[in-house]
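When we follow the numbering used here, the leftmost residue of the sequence shown carries the number 22, and every step to the right adds one.
This report refers to the structure that appears directly beneath it.
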Amino acid sequence: MRTLCASTLIGEFFVIGFAGLVAMKSDDLSVATVWTVCGIGMLLSVLLCGMISRPGGVQLGWALQIALIASGFVVPTMFFLGAVFAALWWASVHYGRKIDEAKASWA
22 MRTLCASTLI
32 GEFFVIGFAG
42 LVAMKSDDLS
52 VATVWTVCGI
62 GMLLSVLLCG
72 MISRPGGVQL
82 GWALQIALIA
92 SGFVVPTMFF
102 LGAVFAALWW
112 ASVHYGRKID
122 EAKASWA
């Protein structure tokens, strides 16, 4: 599960960064607002990669996904991205556990 969840978080890091570049072109949002929201999301994604195998790591991942959805109140595009990331996080946790169980039965 650790590898699948960490890969998901790194993917989120890149997508949030690219979304920030796109959102900067919006006339409604300032560059500082976009990079504050996106920068915090990117930083938390990378930090969580190192914490995913620790107790409570998966729960912190869920907290990050909820925070990304809530950041849509500041940068509206993040509502959609946050929902997609939450679905991807669920799949990573669900199928990551199944992969771990299969590995344990083969060992």
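Positions of the beta carbon are idealized from the N, C-alpha and C atoms, including for glycine.
Given the structure is predicted, the values throughout are model-derived calculations rather than measurements.
*How far does the alpha helix (DSSP H) with Val95 in it reach, from first residue to last?*
Note, Val95: premise wrong, no alpha helix (DSSP H); not H, not E.
*For Arg23, does the three-state DSSP call read helix, strand or coil?*
helix
*Relative to the alpha-carbon of Met22, which residue among Gly78, Met45, Phe101, Ile61 has its alpha-carbon at the smallest distance?*
Gly78
*Identify, in the order they occur along the chain, each residue of the same chain with its Cβ nearer than 6 Å to the Cβ of Gln86, setting aside the five sequence neighbours on each side.*
Phe106, Ala107, Trp110
_Can you check whether the C-beta of Ala112 is within less than 8 Å of a C-beta belonging to chain B?_
Any reference to chain B falls outside this structure, which holds one protein chain only.
*Residues in its own chain within less than 6 Å of Glu33 by CB, not counting five upstream and five downstream?*
Ser66, Phe106
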